[in-house]
Structure formats: structure tokens, C-alpha cells
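These notes concern the structure reproduced below.
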Amino acid sequence: MPVLLAHVASTLFMVGMIWTIQVVHYPLFALVGTEQFPAYEAAHSSRITTVIVLPWAVQGVTTLLLLLAPPDGLPRPLIWSAAVLAAVPVVVTVLASVPAHTALGSGFDAAAHARLVGTNWLRTAAWTAHGGVAVAMLAVLLRRG
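Position in the sequence shown (first residue = 1) + 65 = the numbering used here.
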């Protein structure tokens, strides 16, 4: 149960983070002045990494532990759903978010910003769904006592 609790906590933390980034933080990029934008982007990338690295790592490790040693009574389809949903943000980050942030590192570019915001909806949807699956896994085990 401790692994599942850590999984639920880290996943729900990431759900809150991604929604904050999606509806507050990323849209505000367009309001930063052109001259200040490269420094702003560098500070954003550094600071956001500090905030998300530990919970995202906990989510990844606990997903792997749940796959390798599932708690008794936890349905495998829920665990595999969590694993797939955990993989989506990683793939989108590598293929879309990092390249967009790299482009933005040289200065504000409306097309790169639009790609960042648009593709981040995939991460937002995946993490939100993962939060639902994580809570469902916890509910299953709590009901079984």
C-alpha cells in the first residue's frame, strides 16, 4: 500500500502542476516582453524542473514497482492503464515540449509557443486521466480492506 499511496500522491501533484502550467503559466509566455523573453524562458525551465523532478520521478518509479509487484487484489488493467498514461507525458515532453522550449530559448516565437501550448494538452489529458486511474486503484484496495 505505501507504493500505491506514493503513486497516488505524486500523480495528483502532477495533475495539479500540469493544469497550472497549461491554463496559467504557458499562456502568460505571450505577455513577456521580447527583450526579456530569453532570460524568462531560461528561468522558467530551470525553476519548473526543480519543482517537478522529484514527484515525476516518484510517479515513474512507483509505476514500475506496481507493474513488477502489484498489490494483491489490484486489477492488472488498472496498473497497465496507469503505465500507459504515465508514458504519454514522457513521450510528448521529449518529442514536443523540449523542442518547443529549445526554440523559445532563443526568443519568443509565436509558432513555437502555439506548438508548446497545443501539444501540452496531450500531457494535461494524460495526467488528468492518470489521476483518475490512480484514485480508482486506491479505491479498489480500500474497498477490499
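Yeah, the Cβ is synthetic: ideal placement off N, Cα and C, and Gly gets one too. Owing to the predicted nature of the structure, the values given are computational and were not obtained by experimental measurement.
Keeping to the same chain, check which residues put their C-beta closer than 6 Å to that of L131; ignore five residues upstream and five downstream. Walking along the sequence shown from the start, residue 131 turns up at place 66. Closer than 6 Å at Cβ, skipping near neighbours: I144.
Under 8 Å between the Cβ atoms of S162 and L150? Working through the sequence shown from its first residue, we reach residue 162 at position 97. Working through the sequence shown from its first residue, we reach residue 150 at position 85. Not a contact, by the Cβ cut-off of 8 Å.
Extent of the continuous alpha helix (DSSP H) run through Q101: Looking up residue 101 in the sequence shown gives position 36. Premise fails: Q101 is in no alpha helix (DSSP H) and is neither H nor E.
Distance between A95 and F173 (C-alpha atoms, nearest Å): Stepping through the sequence shown from its first residue, residue 173 is reached at position 108. Stepping through the sequence shown from its first residue, residue 95 is reached at position 30. The straight-line gap from Cα to Cα measures roughly 8 Å.
Residues near P120 by beta carbon distance below 7 Å, same chain, minus five either side: On the sequence shown, position 55 is the one that residue 120 refers to. Same-chain partners within the cutoff: S75, F78, M79.
Sequence-distant residues of the same chain with beta carbon closer than 8 Å to T99, five excluded per side: Indexing the sequence shown from 1 puts residue 99 at position 34. Cβ within range, chain order: G172, F173.
Does G210 pass the burial test, meaning 16 or more other C-beta atoms within 10 Å, or should it be called exposed? Position 145 of the sequence shown, counted from the first residue, corresponds to residue 210. That one is exposed.
Can you find the residues in the same chain that come closer than 7 Å, C-beta to C-beta, to R141, ignoring five residues on each side of it along the sequence? For the purposes of this step, residue 141 is taken as the residue at position 76 of the sequence shown. Excluding positions up to five away in sequence, the list reads P135.
I need the boundaries of the alpha helix (DSSP H) containing V80, first residue and last residue. Indexing the sequence shown from 1 puts residue 80 at position 15. Residues 67-85.
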